[in-house]
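First to last, the sequence lines map onto chains G, E and Y. Under the working numbering, the letters of the first sequence match residues 93 to 511, in that order. Under the working numbering, the letters of the second sequence match residues 93 to 511, in that order. Under the working numbering, the letters of the third sequence match residues 93 to 511, in that order. Data block below; observations after.
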Amino acid sequence: MYQLAERLFPICRSITGDGFRESLSIIREQHPDIQVFEVPSGTEVFDWTIPNEWNIRGGWIKNLQGETIIDFQNCNLHVLGYSIPIHQTVSREELLSHVYTQPEQPEWIPYVTSYYKERWGFCMSEHQKEQLIDDAYEVCIDSTLAPGHLTYGELVLPGETDEELFFSTYLCHPSMANNELSGPCLQTSLISYVKSLPRRHYTYRFVFVPETIGSITYLSRNLLTLQQRVKAGYVLSCVGDNRTYSMVATKYEDTLADRVLQNVLHFHYPEYHHYSFMKRASDERQYGSAGVGLPVCAFCRSKYHEYPEYHTSADNLSLISPEGLEGSYEVMTKVIRALEHNGYYRMTTPCEPQLGKRGLYPTISQKGTYDKARAMQHFTAYADGRNDLIGISNILQIPVDTLIPIKEQLMEHNLLTVE
Amino acid sequence: MYQLAERLFPICRSITGDGFRESLSIIREQHPDIQVFEVPSGTEVFDWTIPNEWNIRGGWIKNLQGETIIDFQNCNLHVLGYSIPIHQTVSREELLSHVYTQPEQPEWIPYVTSYYKERWGFCMSEHQKEQLIDDAYEVCIDSTLAPGHLTYGELVLPGETDEELFFSTYLCHPSMANNELSGPCLQTSLISYVKSLPRRHYTYRFVFVPETIGSITYLSRNLLTLQQRVKAGYVLSCVGDNRTYSMVATKYEDTLADRVLQNVLHFHYPEYHHYSFMKRASDERQYGSAGVGLPVCAFCRSKYHEYPEYHTSADNLSLISPEGLEGSYEVMTKVIRALEHNGYYRMTTPCEPQLGKRGLYPTISQKGTYDKARAMQHFTAYADGRNDLIGISNILQIPVDTLIPIKEQLMEHNLLTVE
Amino acid sequence: MYQLAERLFPICRSITGDGFRESLSIIREQHPDIQVFEVPSGTEVFDWTIPNEWNIRGGWIKNLQGETIIDFQNCNLHVLGYSIPIHQTVSREELLSHVYTQPEQPEWIPYVTSYYKERWGFCMSEHQKEQLIDDAYEVCIDSTLAPGHLTYGELVLPGETDEELFFSTYLCHPSMANNELSGPCLQTSLISYVKSLPRRHYTYRFVFVPETIGSITYLSRNLLTLQQRVKAGYVLSCVGDNRTYSMVATKYEDTLADRVLQNVLHFHYPEYHHYSFMKRASDERQYGSAGVGLPVCAFCRSKYHEYPEYHTSADNLSLISPEGLEGSYEVMTKVIRALEHNGYYRMTTPCEPQLGKRGLYPTISQKGTYDKARAMQHFTAYADGRNDLIGISNILQIPVDTLIPIKEQLMEHNLLTVE
């Protein structure tokens, strides 16, 4: 996963344009079955309109001696996202009114955009801004903002049913690592994992969209299908650092998506952060909005808005790590495994089964000998058709991982059915 | 409000009789549309019977030298409420068996009644009682207890629907200020407020009754109508002092009346006292009784039974104040405003609306710029038809006052409907 | 009760055999109407099969000098429960592989069984084991393990309805006092109590079964009847010591059985232990299993598994006491009384009734005079058809014992009906 992040890092992506396309085509080298969709500028998507396509080749600020002060080639965060083209000499005062910094983090270049209002601008560190002491500068932004398309990718892997698990990530930020590339890299590996499953109860749907406008566009074309089919979904974002795990719950915190992710994090990473829907900020905003209401949580390590490097040049490849990505991969594959094995289980016979005659219970009865088979005995009590596997795990306070082999032993002995 | 209290204070009211009538007619100077009802003594009202009408002209205790020791003209609490007439010379011992004091509050005259058993008696301070050292006294109570009527007042102000908000207060205590006149004075001003509303969703029903027997009488004549129409109601009592605010919840604490009053007090007076229905003592006893079950809370500042001056001569005009009454008026008008604006709101479009193009959201996206429009964004998420305005306020922890203009902006832009 | 325990103590009982029969016949001296059932070995009962019948006459270990080291006559725990017969000389090493001790309680003989796998063995204290230093010993177990029957007893006492209260205890342990005889002794007295009731709303069903296999056998023959009729039930076990009271809740802790026992213990023994179903260990395992789901709690003083003497020779007659048994009897008769008086009560008239005219409320109204009649007034408010007596008790925080006379006074005055 980390190599993919390294390869994607230098590309200047935005919510439209060739950076997005190039990034997606690199991912498609691993999964050529990802379908690519292009939606024209001007298309109305619910309350929104797809904006013009933006492409950029370069941008710089020079002093009147012709020395380059700020250069897009050094860091593509330097140009305001969606900046209109400009090439002229401007006074220091005018330039400063087009400069964005993050004064409380004076060494870092902030990431700033203006998608829906035409502006030009440069982003830089507070220290760089302080060195702009000449009276005038030559500025140049070599961008185009013109009718084109919004691009997104989608892959559907059919399962035994058309009930769906849904995964969504975004690919629309320039060179940032955790809040950009970690999500697509994890999702690319999860696709491989899902393809490797010997059987799939669920159909899996993976989308790579530009944030906000992309998920809105996708929903405008797929809303009913998603509402009918999606049983649980996750937005993958900021999943590459080595810090805590986090989840952003759905609006009412009661969906299967919440229950499974909470269960996995509770047992395996009990120090995880649980954020309410009030703390949402990525595409779970759209998936959970009024009128959409999909069961989609966000999964992160350090959540967007909550770590200092967020939306700055410090969110670079050193912030993420192979181990950080691997940890997120483990959580999400546990989630998938729990979902695949989930169901409402019911014992086939009244009373406790005689586990002893099947070698599943000690044959000698003495104080202290009961504990080992206790988990199975508890499982049989609560497998009464009223609880799904997640519910039983929560009641027994035993991880789903531990219950799955118990469930399978009982099914082999025809003591258990699933509804 | 305070002037009205001053004017009503000297009148000797009881659950029947001319004191009640005179007080109500003073209130009707402001609202002549209040209808007056007279119900004959002996009428059966559910399990109760309306008692004889009581009127009193005077009462005194004189020593045998003809000096007046205790005089009703000085304080109308001196005569036991509903005392039968008497005029005779009695021994000190017999007199004392008819004297009521509050020994732990030795300077105050207690308020005592015997509505349903015929007795005569005098109330006085413990100090006054200690001075009764003569062997005999002449006592006189110039009262009548005879068939007559129970009086109550009712005003219905129609709204756009026949769903009703219900307000009830009592007017049956002699000269006491907080636990008597504060309620009718507040209600008189609330009637003016409701009349001044440009439009009323609800029909408003205000009643002025004698406590207990009056609300029972009123219910016996209006039960079905009230059960069908009343969506929320409040008993107004002890609302004139400067101390804390209080509410007495309904039996199961789950009605609209509870939710709105709790919400208003929570955000604006978070130190308020929330009493369970087990602490009821005024007409919410009847409105919430088994077989009635109306959604009616009590609203107070210092709740009856909970402040030291309660039911004594110390509950006089100095205990209440214009500011105390004004504060209660503010709470109840906030309650009415919240109820008038309440409803189940639903966004008209899936996904978040594009607030930016309407000037409702910043057009530049940088860390720290999101907060200002966040309340509106949160509102749009929870306006999914599942929550009323009070519910959204509780979830977002934003006062209804702040949400009302947001709701109205969204409605102006046709982004929101109400169900 | 304690005398009955003394008489039953010496008998060597097991899950089948003459010890069980003899014990039951002693109980039947008091209640000859208890019916005795014999179910043949080999009968399939759900997932289980009734094992061969086991009887034992003696068992000993002698050294080669003919001296008896261990003798069943001294303590019938010495022989492994369900031990196959043996009579031979064995090496010390072989003997030790058939010896069971409880090393952390070195002075006590543990109680050990092997019902479903054929073994022979001796149980002894760790100290006794340490003295086995000879090279060889003669061992003898004079038992039979052969087709026969499983025995259980059942008594049904009809009531006015066929709704049932169910009580179950076991009679299958050798000489142990708390975890064996306390349950049957209490149940024997409860039968007398129920027979003495002037009227019974409920039909009462009492069973004396061998633990686990006995309750499974009983359920296999009565499941549908029990599921249709039983409204609440209790497993009685370990009810004879002087320590705390305990209950083991049903699976979801929401049945009438839970609510009543919890209510009684809460008000009368608030320091009681409440165990979840995860701590079950007696026949509530079967009654609460998936596919059975009866509303049956376990009632104990020191719960099985939770006291040190459990399943050892130290659980003898000195561990239980007449007072210990009597305390349990008081709890269970309170439970029965609460259940017999339970119901959904509803006032016959709207508004509060006029309690004063019936002498149920003070006729003089002054601060401080309200409290006495307050419980009745509260009862009338919550007797709205929505709460049963247990629910009202929980809301008012007044014991059911106190509410029963209130309820009866109101019914005498035709102010209350039951649904």
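Idealized CB from N, CA, C, for every residue including glycine.
Distance, residue j Cα to residue i Cα
| i | j | result |
| --- | --- | --- |
| S189(G) | I148(G) | 21 Å |
| K395(E) | Y326(E) | 14 Å |
| T472(G) | A382(Y) | 7 Å |
| W140(E) | T317(E) | 21 Å |
| P102(E) | D476(Y) | 41 Å |
| L348(E) | W200(G) | 52 Å |
| T461(E) | Q501(G) | The predicted position of T461(E) is uncertain, since its pLDDT is 49 and thus under 50; no value can be drawn from it. |
| K323(E) | E432(E) | 12 Å |
| S260(Y) | Y344(G) | 44 Å |
| V301(E) | T309(E) | 9 Å |
| I498(G) | V384(Y) | 21 Å |
| R211(G) | H170(G) | 14 Å |
| G483(Y) | P491(Y) | 11 Å |
| I162(G) | V388(G) | 41 Å |
| T441(E) | L311(G) | 12 Å |
| E196(Y) | D333(Y) | 23 Å |
| C443(Y) | L282(E) | 27 Å |
| L507(G) | A341(Y) | 25 Å |
| G109(G) | S329(G) | 21 Å |
Contact belief for residue i with residue j at Cβ below 8 Å, rounded distance in angstroms
| i | j | result |
| --- | --- | --- |
| I107(E) | N270(E) | Rounded, the Cβ-Cβ distance is 19 Å, inconsistent with contact. |
| D493(Y) | N434(Y) | Their Cβ separation, rounded to whole angstroms, is 13 Å, which puts D493(Y) and N434(Y) out of contact at 8 Å. |
| V352(E) | F391(E) | Contact flag wrong, Cβ pair sits at about 11 Å. |
| P276(E) | L289(E) | Rounded, the Cβ-Cβ distance is 21 Å, inconsistent with contact. |
| T455(G) | S206(Y) | 6 Å |
| M93(Y) | L278(Y) | 6 Å |
| S307(Y) | Q220(Y) | About 34 Å; that fails the 8 Å criterion. |
Own chain residues within Cβ distance below 6 Å of residue i, not counting five before or after
| i | result |
| --- | --- |
| T425(E) | Y285 |
| I496(E) | H433 |
| D407(Y) | M268, A269, N270, N271 and E401 |
| P414(Y) | Y94 |
Closest by C-alpha distance to residue i, when choosing among the options
| i | options | result |
| --- | --- | --- |
| P445(E) | M503(E), N355(E), Q194(E) and F300(E) | M503(E) |
| V231(E) | I176(E), G109(E) and L242(E) | I176(E) |
| H293(G) | R429(G), T280(G) and T261(G) | R429(G) |
| N166(Y) | S267(Y), E432(Y), C392(Y) and T309(Y) | S267(Y) |
| N168(Y) | S338(Y), H219(Y), R120(Y) and D234(Y) | D234(Y) |
| V510(G) | Q469(G), S485(G), Y436(G) and K449(G) | Y436(G) |
| G416(G) | L273(G), E222(G) and H219(G) | L273(G) |
| H569(Y) | T280(Y), P250(Y) and N355(Y) | The requested residue 569(Y) is not part of the displayed model; chain Y covers only 93 to 511. |
| E136(G) | S485(G), I305(G), E145(G) and D346(G) | I305(G) |
| G173(E) | K209(E), T160(E), R478(E) and Y474(E) | K209(E) |
Residue i: CB within 6 Å of a non-hydrogen atom of the ligand ATP
| i | result |
| --- | --- |
| T509(E) | Questions concerning the ligand ATP fall outside what the structure shown contains, since it holds no ligand whatsoever. |
Residues near residue i by beta carbon distance below 7 Å, same chain, minus five either side
| i | result |
| --- | --- |
| I118(E) | R99 and L100 |
| P202(Y) | Y192, T193, Q194, C215, H403 and T404 |
| R113(Y) | T243 |
| A228(E) | L156, T181, V182, S183 and R184 |
| R105(Y) | G111, F112, S115, L263, C264, H265 and P266 |
| N144(E) | S133, L237, A238, P239 and G240 |
| D125(Y) | L247 |
Sequence-distant residues of the same chain with beta carbon closer than 8 Å to residue i, five excluded per side
| i | result |
| --- | --- |
| Q127(G) | G245, E246 and L247 |
Inset, instruction - Please determine if the segment 307 to 322 of chain E and the segment 254 to 267 of chain E are in contact, where contact requires at least 3 C-beta pairs separated by less than 8 Å. - result: yes
Inset, instruction - Report yes or no: do the segment 360 to 367 of chain Y and the segment 293 to 305 of chain Y share at least 3 C-beta pairs separated by less than 8 Å? - result: no
Legend entry - Inter-stretch contact (C-beta, 8 Å, three-pair minimum) for the segment 370 to 378 of chain Y and the segment 389 to 404 of chain Y: yes
Inset, instruction - Give a yes or no on contact between the segment 240 to 252 of chain E and the segment 153 to 170 of chain E, applying the rule of three or more CB pairs nearer than 8 Å. - result: no
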